[in-house]
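Line by line, the protein sequences give chains A and B. The working numbering applies: residue 7 is where the first sequence begins, and numbers increase by one. The working numbering applies: residue 7 is where the second sequence begins, and numbers increase by one. Step one of this worksheet: look at the structure below.
Number of protein chains: 2
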Amino acid sequence: MSTFNYTHIDEAYENINSKILKTPLIVSEYFNKLTKSSVYFKLENLQWTGSFKLRGASNKINQLTEKEKKRGVVAYSSGNHAQAVSYASMLNNINAKIIMPDSAPTIKIKNTEKYGAKVILYDSYYESREKIANEIAYKEKRSLIKPFDDLDIIAGQGTAAKEIFDDLQKKNVIPDIFLCCCGGGGLVAGTSTYLKHKYPNIDCYSVEPDDFNDTKISLEKNKIISNDMRLNSICDALLAKQPGDVTFAINKKILKGGLSVSDKEVKDTIIALAEHLKIVVEPGGAVAASALFNKKINIENKKIIVMVSGGNIDPSLFSKIIKKNNATD
Amino acid sequence: MSTFNYTHIDEAYENINSKILKTPLIVSEYFNKLTKSSVYFKLENLQWTGSFKLRGASNKINQLTEKEKKRGVVAYSSGNHAQAVSYASMLNNINAKIIMPDSAPTIKIKNTEKYGAKVILYDSYYESREKIANEIAYKEKRSLIKPFDDLDIIAGQGTAAKEIFDDLQKKNVIPDIFLCCCGGGGLVAGTSTYLKHKYPNIDCYSVEPDDFNDTKISLEKNKIISNDMRLNSICDALLAKQPGDVTFAINKKILKGGLSVSDKEVKDTIIALAEHLKIVVEPGGAVAASALFNKKINIENKKIIVMVSGGNIDPSLFSKIIKKNNATD
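Written as structure tokens, this is what we have:
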């Protein structure tokens with residue numbers, strides 16, 4: 007797969023479409039009016055396990071041999087990939103171990119365990135999750151299911167764009183802009199590959215938290231730059247240290263550029279999406295909509311696809327964010 | 007339209023389908039497993055204005071003559087019909103006055119005003135909204151847009167079932183059960199008319215709050231029975247005094263029976279839908295799902311359509327309900 011392209015995504019879709027939800031692409035008159043543009047929200051927060059990650063995990067696990075399946079899998083993840091790997095493993099009777107930071111949202115840890123995986127917590131300040139996972143993979147002969155830097159994962163995530171394309175075709179819409187959240191860059195790499203093939207004039211952007219804008223900076227400098235990992239953000243799903251080698255090689259060819267948003271902008275977006283789109287979105291899942299609402303690029307009179315990537319937010323945090331809105335209303 | 011049937015709903019859909027959102031029909035692996043059934047959630051909370059009411063209001067306003075449109079409209083509503091009439095009037099440059107109870111959720115009053123209607127608040131304990139609206143209609147020669155007891159409204163609401171049918175056809179699914187919220191009975195009358203025509207063996211049920219189960223009781227006694235209006239419920243959208251003459255005539259022919267749920271069950275359902283389906287649902291919009299989750303009828307191994315009718319809940323109440331879950335978690 008050295009020349010990764012849309013055909014790998016079509017193949018992935020053939021493999022996984024019966025194991026995932028075809029998520030809706032939603033138009034909101036309210037947000038169209040507000041932004042003076044035509045917005046198409048892709049609701050991957052409605053995806054089973056609560057995020058797009060099920061697409062990549064299902065595609066990767068689908069590639070394993072029977073022998074590999076018997077030996078089990080191991081993965082590391084802040085939470086959404088963890089749930090997806092655990093769920094896809096459950097469906098395939100595969101023993102799964104998942105390395106998660108002890109700071110991960112409770113809902114993500116609980117759900118990962120609920121689907122049957124053994125969760126191993128680590129201290130993200132002092133330990134390396136990659137090292138722990140690699141050791142387990144080596145010692146126990148388990149297959150490592152990487153969170154993003156793997157072409158089968160990227161192809162799986164890209165299937166969200168195949169569904170977007172199918173839905174836009176029915177409406178005879180040619181989109182101008184695609185805004186997509188970015189942690190390690192797997193989702194934006196896969197989906198942008200597909201969309202750019204179907205719509206050569208589309209401008210695709212990664213969107214990250216302000217202090218974790220490694221893809222944005224790396225795109226600007228044309229080389230991989232790391233984040234300062236002493237910083238923090240509410241967007242727990244987007245705190246990768248740096249772009250992946252594989253994802254960055256794709257993204258630097260395809261993306262028009264990188265955008266970033268503040269935690270405050272993300273919180274306001276979570277409120278707006280709950281109040282006007284009636285959906286529950288986690289911080290990392292709200293950054294693309296946040297870039298739109300805060301007009302990080304010129305969007306007027308454009309047709310814009312906005313990825314809403316996940317909805318796994320702790321009820322206590324969600325309640326607090328929504329309540330704050332009401333207090334200041 | 008004395009012999010109201012599915013053709014009126016197909017006609018209504020022709021009239022309004024460009025003015026509404028085709029809302030998604032969603033499957034959740036989580037809830038399928040939990041209920042041991044196959045559930046199809048119709049997400050009318052994602053409908054523009056936040057509820058299905060836009061369908062009926064759009065269809066009714068579409069029937070007005072140019073002269074009637076110039077004279078303006080008047081409506082009474084606890085909130086969702088109010089927003090829908092206000093929004094549809096705005097699109098048609100129609101002057102609208104809406105009579106709303108002073109106890110209506112703030113979000114509903116604010117949104118009704120935002121779309122441009124003049125809101126007139128009344129005290130629901132001492133005043134009759136019908137009387138106020140009829141007086142205004144008479145004095146100002148405005149067309150009265152009734153909330154449910156009108157065949158154009160019922161046909162409009164029924165279009166949600168046309169979309170459900172189209173989506174189920176693609177999946178080759180024949181549903182066994184339809185659960186639908188019920189206030190005055192317009193939505194359940196319209197949608198059940200359509201579904202019963204397409205699936206003669208389907209069992210359609212109205213679902214109401216325990217203390218506002220007038221349709222349930224009326225079906226059992228085969229005559230219209232009123233609620234005790236001194237009682238209250240969290241389901242502000244479902245507090246009609248009694249079934250409509252028109253809606254009940256339809257519902258008593260078509261429905262298998264009536265179900266009801268407690269406010270506590272509704273709150274737990276709002277939490278479950280936020281946590282596992284990632285959607286924001288108002289109390290009245292959650293009763294059908296609540297009847298399912300609390301197994302008010304035998305649902306195992308059945309294919310069940312669940313109407314999620316609206317999402318207009320005050321952020322403060324929503325936050326409180328979600329937070330409570332976390333506290334007891």
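Ideal Cβ placement from N, Cα and C applies to all residues, glycine included. All of these numbers come straight from a predicted model, not from anything done at the bench.
Could you check which residue in the options has the C-alpha nearest to that of residue i?
| i | options | result |
| --- | --- | --- |
| I230(B) | T165(B), S84(B), K258(B) and N238(B) | K258(B) |
| E72(A) | R61(A), I100(A) and G62(A) | I100(A) |
| E35(B) | A246(B), G290(B), H282(B) and I67(B) | H282(B) |
| D158(A) | I15(A), G263(A) and N307(A) | I15(A) |
| D156(A) | C188(A), N65(A) and V267(A) | N65(A) |
| K48(A) | F58(A), Q175(A), T41(A) and L40(A) | F58(A) |
| I310(B) | I170(B), E74(B) and R135(B) | I170(B) |
| T112(A) | G85(A), K302(A), Y121(A) and Y12(A) | G85(A) |
| Y200(B) | N51(B), I256(B) and K247(B) | I256(B) |
| Q248(B) | E119(B), S268(B), T55(B) and F154(B) | F154(B) |
| N207(B) | G62(B), E50(B), L261(B) and G56(B) | L261(B) |
| A161(B) | L265(B), P107(B) and G196(B) | G196(B) |
| T9(B) | V252(B), E74(B), K120(B) and E271(B) | V252(B) |
| Y46(A) | L265(A), G62(A) and T29(A) | T29(A) |
| Y205(B) | S212(B), A167(B) and M235(B) | A167(B) |
| K176(A) | N11(A), K326(A) and L31(A) | L31(A) |
| P107(B) | A139(B), E306(B), S95(B) and G263(B) | A139(B) |
| D172(A) | Y19(A), K330(A) and K329(A) | Y19(A) |
| S109(A) | A102(A), L127(A), A123(A) and A94(A) | L127(A) |
| T13(B) | G164(B), D129(B), A94(B) and Q69(B) | G164(B) |
| N238(A) | G264(A), F254(A), S268(A) and N228(A) | S268(A) |
| Q69(A) | N51(A), S95(A) and V213(A) | S95(A) |
| Y144(A) | S224(A), E74(A), S232(A) and S266(A) | E74(A) |
| F324(B) | V194(B), N304(B), L279(B) and T55(B) | L279(B) |
| W54(A) | S83(A), S315(A) and G264(A) | S315(A) |
| A90(B) | D234(B), G264(B), I142(B) and I26(B) | I26(B) |
| E119(B) | L97(B), E141(B), S92(B) and C187(B) | S92(B) |
| I305(B) | K326(B), A246(B) and D209(B) | D209(B) |
| L225(B) | N51(B), L193(B), L265(B) and C186(B) | L265(B) |
| I285(B) | K302(A), E50(A), S44(A) and N23(A) | E50(A) |
| N300(A) | T41(A), A123(A) and N23(A) | T41(A) |
| S232(B) | G263(B), G189(B) and L193(B) | G189(B) |
Chain A partners of residue i, CB-CB under 9 Å?
| i | result |
| --- | --- |
| L27(B) | I32, V33, S34 and E35 |
Residues of chain A with CB closer than 7 Å to the CB of residue i, please, in chain order.
| i | result |
| --- | --- |
| V286(B) | A280, K284, I285 and V286 |
| F324(B) | I328 |
| N51(B) | K284 |
| G56(B) | K284 |
List the residues of chain A whose Cβ lies closer than 8 Å to the Cβ of residue i, in chain order.
| i | result |
| --- | --- |
| S1(B) | Outside the displayed span of chain B (7 to 335) sits residue 1(B), for which this structure offers no information. |
Just list the residues that DSSP pairs residue i with in beta bridges.
| i | result |
| --- | --- |
| L49(A) | V314(A) |
| M106(A) | L127(A) |
| L31(B) | K48(B) |
| I285(A) | I285(B) |
| V80(B) | K103(B) and L150(B) |
| K309(A) | S44(A) |
| S57(B) | G316(B) |
Against residue i, what residues of chain B qualify as contacts under a CB-to-CB distance less than 8 Å, listed in chain order?
| i | result |
| --- | --- |
| G317(A) | K284 |
**Prompt:** Is the stretch 77 to 87 of chain B in contact with the stretch 136 to 155 of chain B, if contact means three or more CB pairs nearer than 8 Å?
**Reply:** These segments touch.
Exercise for review: Quick one: which unbroken beta strand (DSSP E) runs of 3-plus residues sit fully inside the stretch 119 to 167 of chain A? Chain order, please.
Suggested key: 124 to 128
Original post:
Along the chain, which unbroken stretches of the alpha helix (DSSP H) at least 4 residues long are found entirely within the stretch 251 to 277 of chain A?
Top reply: Taken in chain order, the complete alpha helix (DSSP H) segments of 4 residues or longer contained in the stretch 251 to 277 of chain A are 251 to 260.
Which runs of the beta strand (DSSP E), 3 residues or longer, sit entirely within the stretch 171 to 228 of chain A?
-> 183 to 187 and 209 to 215
ask   = Should the stretch 218 to 226 of chain B be called in touch with the stretch 172 to 181 of chain B, which here means at least 3 C-beta pairs below 8 Å?
value = These segments do not touch.
Determine, using beta-carbon pairs with one atom in the stretch 284 to 294 of chain A and one in the stretch 234 to 247 of chain A, whether at least three such pairs fall under 8 Å. yes
For the pair the stretch 296 to 309 of chain B and the stretch 268 to 276 of chain B, tell me if three or more CB-CB distances fall below 8 Å. yes
* Touch check for the stretch 122 to 136 of chain B and the stretch 310 to 319 of chain A: three-plus C-beta pairs under 8 Å? -> no
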